[in-house]
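In the UniProt record's numbering, the protein residues as written are 1 to 107.
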């Protein structure tokens, strides 16, 4: 049982970052809770893990903002989007093979 735990949760750097990000996006906890939990569970590498999480958050924001900018079509000076395109119209970079297969089966 301990082997399975260590495989998925034993190393802070191996844990799926979505676990951290989900807690950060939860309005009740935010970044302070993640910082507290990591320092409690992994005191030796807490600062390094927090830097990795911060880098991942910035990467997600940059990706979101680039997609958001391409998805909005402005008329004149208005900042209200008049049309929002779906992802297939945007020619976004391909995701994982599993996601591509899922999307093909869905159609």
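From the three backbone atoms N, C-alpha and C, an ideal C-beta is built for every residue, glycine too.
Within the model, the alpha-carbon separation for residue 53 versus residue 4 is close to 24 Å.
Going by C-alpha positions, residue 62 is about 23 Å away from residue 14.
Residues 12 and 13 of the same chain have their beta carbon placed closer than 8 Å to that of residue 45, with the five preceding and five following residues left out of the count. For residue 16, the three-state secondary structure derived from DSSP is coil. Assigned with DSSP and collapsed to three states, residue 33 falls in helix. Distance from residue 38 to residue 49 at the Cβ level is roughly 5 Å; contact confirmed, criterion being Cβ atoms closer than 8 Å. Judged by DSSP in its simplified three-state form, residue 24 adopts helix.
When the beta-carbon positions are compared, residue 36 and residue 23 stay at least 8 Å from each other.
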